[in-house]
Amino acid sequence: QKFREEFEVERKKKKKMTGGGNSNEDQTLANQQTNIDESTVKEPLDLVRLSLDERVYVKLRNDRELRGKLHSYDQHLNMLLGEVEEITTIREVDEETYEEIIKSNRRNVPYLFVRGDAVTLISPHEIRS
């Protein structure tokens, strides 16, 4: 849907710049637009687009992981997730034995906005670790 809107905006801009445009050209462009398969992947963000309204796994900086339903995103990978499970991993070193202690905190959030610069990985499928 978004791609089609952007396509129409670009087509209108070209038409204004060229002073009208050829109706055959417009028809050809329209035919090409309708023939585009929405499941094709031509750019990296197309994989994210195909995951809309699906559950995704998102890995963030500072040992944070999210699993939730992808509702929307933008070119910066800012995302709105629903039905989110957040897992925060804390690593500590015992001062006496020098053993690494790993603790995980989990919480469930109905909706969560994720800032894109914190994202390190997005997977359209669940990853089990």
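Okay, so the sequence shown: first residue is 28 according to the numbering used here, each after it adds one. Glycine is no exception: its CB is placed at the ideal position from the N, C-alpha and C atoms.
Option in the options with minimal Cα separation from residue i
i	options	result
isoleucine 114	His98, Leu104, Met106, Val85	Val85
valine 16	Tyr100, Gly109, Lys130, Arg118	Any answer about residue 16 is impossible in this case: the structure gives the chain only from 28 up to 156.
isoleucine 129	Gly143, Leu97, Lys69, Thr116	Thr116
glycine 143	Arg76, Lys69, Met106, Val75	Met106
asparagine 135	Glu122, Lys96, Leu97, Glu110	Glu110
leucine 104	Leu72, Lys96, Val120	Leu72
glutamate 92	Pro137, Tyr138, Asn132	Asn132
serine 78	Glu126, Glu112, Lys96, Pro137	Lys96
proline 137	Leu74, Val120, Arg94, Val68	Arg94
isoleucine 186	Glu119, Arg76, Thr124	Only positions 28 to 156 of the chain appear in the structure, and residue 186 is not among them; the question remains open.
histidine 98	Tyr125, Glu81, Leu87, Pro151	Glu81
Which residues DSSP lists as bridging residue i, in chain order
i	result
glutamate 127	Val120
lysine 96	Arg82, Gly109
threonine 115	Arg91, Asn132
valine 146	Leu87
Where residue i falls: helix, strand or coil (DSSP)
i	result
lysine 87	Rather than lysine, the amino acid found at residue 87 in this sequence is leucine. Here leucine 87 sits in strand by DSSP.
proline 137	strand
valine 68	coil
leucine 74	helix
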